[in-house]
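Numbering (our numbering), first residue to last: 4 to 141.
Where is the CB? At the ideal position from N, CA and C, for every residue including glycine.
Note that the coordinates shown come from a computational prediction; the quantities given were computed from them, not determined experimentally.
In what follows, a structure is listed as C-alpha cells, so that the remarks can point back to it.
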Amino acid sequence: MDPEIGTRARLLVQELLHPGEMDTFVAGCLPTSVDDLHDLRLVVTTHIAAVRIAAERFPASDLETAERIADVLDGLLDEPHRWQDDERALLRGVVGYFVQRAGGNDDLADAIGFDDDARVLNAVLDALGLGDRRVEPA
Numbered sequence: 004m005d006p007e008i009g010t011r012a013r014l015l016v017q018e019l020l021h022p023g024e025m026d027t028f029v030a031g032c033l034p035t036s037v038d039d040l041h042d043l044r045l046v047v048t049t050h051i052a053a054v055r056i057a058a059e060r061f062p063a064s065d066l067e068t069a070e071r072i073a074d075v076l077d078g079l080l081d082e083p084h085r086w087q088d089d090e091r092a093l094l095r096g097v098v099g100y101f102v103q104r105a106g107g108n109d110d111l112a113d114a115i116g117f118d119d120d121a122r123v124l125n126a127v128l129d130a131l132g133l134g135d136r137r138v139e140p141a
C-alpha cells in the first residue's frame with residue numbers, strides 16, 4: 004500500500020472506529036484501477052442482495068441504513084473516471100469495510116450493525132467533498 008494513502012485513510016477514521024476496525028479499513032485502501040471500480044459495484048450489489056435475504060432472519064437489522072450505504076456507493080462507483088488514484092483506493096476501502104462481517108457490531112444481528120459502515124463512508128465522503136451524500140443511520 005502507498006504509505007501516503009494509508010496515512011490519509013487512517014487520519015479519516017482514527018476517531019470514528021476502534022483500532023481493529025480502523026486497521027481493517029486502512030488495509031482495504033489498496034491501489035485500484037478505473038476498471039476495478041466496475042467490479043466493486045458488482046461486489047456491493049451482491050452484498051446488499053445477500054443482506055436483504057439475511058434481514059428476513061434478523062428483524063433487528065438496520066436494512067434501511069445498509070440500503071442507503073449501498074445506494075451511495077453505487078453512485079460513487081458509477082463515476083469511475085472522476086476519481087484520482089488515492090480516491091479510488093479510499094473507495095475500495097469503504098467497499099471492503101462494508102462487505103466484511105468483522106466490523107464493530109454484527110451488521111445483521113445488531114440494530115446498529117451498519118453504523119460503523121456509515122461512519123467510514125461519511126468520512127470518505129467528507130474527504131471527497133461530498134458531505135451532502137452522507138448516510139445517517141436510521
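*asked:* In whole angstroms, give me the CA-to-CA distance for PHE61 and LEU111.
replied: Spanning the two alpha carbons is a distance of roughly 6 Å.
Report task. Check whether the Cβ atoms of ARG137 and LEU131 lie closer than 7 Å to each other. Result -> No, these two residues do not count as a Cβ contact at 7 Å.
Next on the checklist: Quick check: the Cα distance between ARG85 and ALA57, rounded to an integer number of angstroms?
Outcome noted: Rounded to the nearest angstrom, the gap between the Cα atoms of ARG85 and ALA57 is 33 Å.
Open item on the list: If I follow the unbroken alpha helix (DSSP H) through LEU41, where does it start and stop?
Closed with: Checking the sequence shown, residue 41 turns out to be His, not Leu. Where HIS41 is concerned, the enclosing alpha helix (DSSP H) stretches over 37 to 58.
Practice item. Decide if the region 75 to 89 is in contact with the region 35 to 45; the criterion is three or more beta carbon pairs, one per stretch, under 8 Å apart. Key: Short answer: they touch.
| Taking the alpha helix (DSSP H) that GLU67 falls in, what are its first and last residues? | Boundaries of the alpha helix (DSSP H) around GLU67: 66 to 80.
Cβ separation of VAL47 and ALA73, assumed to be a contact under 8 Å, to the nearest whole Å:
Rounded, the Cβ-Cβ distance is 5 Å, consistent with contact.
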